[in-house]
Structures are given as structure tokens and as C-alpha cells.
Amino acid sequence: QTKTPILKLEQVEVVYNKLATAITGVSVEVAAGGITAVLGTNGAGKTTTLKAVSGFLSSDNADITDGHILLDGDDITGMAPHQVARGGIALVPERDKVFDTLTVLDNLKASARVADGVEDAFDAFPRLRAVEQNLAGYLSGGEKQMLAMAMALSTGPSLLLVDELSLGLAPLIVTSLLQDLRRVQRARGISVLLVEQNALAALDVADYGYVIEDGRIVFDGTPEQLLEHGDIKEFYLGTN
Ligand code: ATP
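Basically UniProt numbering = 1-based index in the sequence shown + 8.
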């Protein structure tokens, strides 16, 4: 990538339970003010990559055993989740995204870390206002995902990490959520690192993409370059 990176992973290696290497030599740059996508199939190492950044590896008994992670040039390798959050990084996790027994409003109140956090989140996702008194457990899958993004946004982040936004959702909903993400990213001037199995949908909104396979980055390029790449067409997009 040519733009200044807000986040840099340099040759990162992660090992689970002191013996299983999940990712190795992973180098990824997230350009400031853009959307960077990491694409890969099940088990390729996408979630592990995001956890390495967000600090949530230790709860999985995993460690960064090599490499560095830099946020705005500062080394944040191995920092705890609260320290990473303080640095302006917010994670939209893969599952268990919202508190089902709380209302939408209370979910946002629980997550907000800045004074205007709740209002900011509603401004970004106006549809949530209409359901603010509903219990999150009764929301549709797409609305839950929207709430999860809003909760991350309510912390006032400069960098959003989004794990597998498309999981279990219908294609049209995925497209619409990704467009929402793009709109919010542009309006706020924040940066996004998105990991996705749904390569086509992700490349539609991304400025730059990486392909991860068996814990290694095998290719990177602009969406146009990735869409033109023969292997990627065959294995990730299902076309030739
Ligand atoms: P998915 O889409 O299924 O989440 P992914 O691309 O996010 O896939 P990871 O979840 O990062 O992939 O998994 C990468 C590798 O790490 C896999 O080989 C997986 O078996 C291993 N792994 C993931 N979580 C654990 C864990 N808690 N303990 C041990 N190994 C793990």
C-alpha cells in the first residue's frame, strides 16, 4: 500500500497452546483513512490475525511468538485488550457481539467510552434509533451486526477491526452492512481492517486486500488486482 499506514503487522507469528502455529510471517499494512481487507477461507488465520492486534489472544492461550505490531509507529505487540482500546482500536467480534438481555440503547450505553458515544453511534446507524428500546436478543441477524458495529463506534475509535461481518447473513444484508461500514468509515475518516470469507463482498468496499492461506499471506493488491488473479478467482470467488 502506498498511503501512510495507521497499523502495521510485521512478520507476525501466533502459536496456540505453545505448540500449534496458526499464523506465521504475516505482514499487513492498514492505510490511514481506508478499508483494508484480509480474505481467506475457514481456518486460514483471519480471526487469529485480528486477535493478535486486539490483544485477545491470551484468553485463548495463544501468544505472539515473533514479529511486531505497530500502531501509528508505536509498538503494541502483546498489549492487553484495554491498552489496545485506549490506543483507539475497537473490535467488532465474530460472535457474542451484543448483550441479548439488554435493550439496544443499554447496549450502546454499556459500550460507549466517550461522552457523545451513544449519540454518535445513532447518528452513524439511524435505523437503530427506531429499535432503541427493543431487547437486542430479538433483533434480526443484520440488526445485531449493525448494533455490534455501532457499539464499536461508540468507543470513538480511529481504527475498527471487523471480524467476519458476513457470517450467517443473507447476501443482500451483507452488501447493505458493508455499504453502511463504508459510509461511516468515510464520514468519520476512520480506518478499517476487515477480515472476510466473502471475498467479493469485501473487495467491493475495500481499498486494498490481502489473501491469507494456511496462516500465511499469499497475495496482496488492489481489489482490481485481486479480482484479476487466477487463483483468487478460482478459489475465493468461485469463478474462472
Ligand atoms: P474462521 O473463519 O473459521 O474463524 P479463521 O480464518 O478466522 O477461520 P482462525 O480462527 O484464525 O481462522 O484459525 C487459524 C488456525 O488456528 C486454525 O488452524 C485453527 O485451528 C487454529 N486455532 C484457532 N483458534 C484456536 C484455539 N483456541 N486453540 C487452538 N487452535 C486454534
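Using N, Cα and C, we set each Cβ at its ideal position, and we do this for glycine too.
- In terms of DSSP beta bridges, what is His76 paired with? As a working mapping, residue 76 is identified with position 68 in the sequence shown. According to DSSP, which records beta bridges pairwise, His76 is partnered with Glu18.
- Measuring from the CB of Tyr24, is there a heavy atom of the ligand ATP at a distance below 8 Å? Against the sequence shown, residue 24 aligns to sequence position 16. Tyr24: yes, Cβ under 8 Å from the ligand ATP.
- Provide the residue(s) that pair with Ile199 in DSSP beta bridges, ordered along the chain. As a working mapping, residue 199 is identified with position 191 in the sequence shown. The sequence shown places Ser at residue 199, rather than the Ile named in the question. Its beta-bridge partners are Leu167.
- Which class does Val139 belong to by DSSP, given the choice of helix, strand or coil? Position 131 of the sequence shown holds residue 139. Here Val139 sits in helix by DSSP.
- Identify, in the order they occur along the chain, each residue of the same chain with its Cβ nearer than 7 Å to the Cβ of Ser35, setting aside the five sequence neighbours on each side. On the sequence shown, position 27 is the one that residue 35 refers to. Leu17, Glu18, Gln19 and Ile225.
- Please go through the segment 46 to 106 and give each complete beta strand (DSSP E) segment of 3 or more residues, from N-terminal end onward. 70 to 79 and 97 to 100
- Glu204 by DSSP, collapsed to three states: which one? The residue labelled residue 204 in the question sits at position 196 within the sequence shown. Here Glu204 sits in strand by DSSP.
- Query: Are the beta-carbon atoms belonging to Tyr216 and Gly229 less than 9 Å from one another?
  - Reply: Residue numbering aside, residue 216 sits at position 208 when the sequence shown is read from its first letter. Residue numbering aside, residue 229 sits at position 221 when the sequence shown is read from its first letter. Taking the C-beta atoms as reference points, Gly229 is found nearer than 9 Å to Tyr216.
- Item | Option in Gly41, Ala30, Val46 and Val38 with minimal Cα separation from Glu204 | The sequence position of residue 204 within the sequence shown is 196, counting from 1. Nearest of Gly41, Ala30, Val46 and Val38 to Glu204, Cα basis: Val46.
- Item | Residues near Ala175 by beta carbon distance below 7 Å, same chain, minus five either side | Position 167 of the sequence shown holds residue 175. As written in the sequence, residue 175 is Leu, which differs from the Ala given in the question. Answer for Leu175: Glu102, listed in chain order.
- In chain order, what residues of the same chain have a beta carbon less than 7 Å from the beta carbon of Asn69, not counting five sequence neighbours either side? The residue given as residue 69 occupies position 61 in the sequence shown. Cβ within range, chain order: Tyr24 and Asn25.
- Query: Going straight from the alpha carbon of Gly63 to that of Met87, what length do you get?
  - Reply: Here the question's residue 63 lines up with position 55 in the sequence shown. Here the question's residue 87 lines up with position 79 in the sequence shown. About 6 Å.
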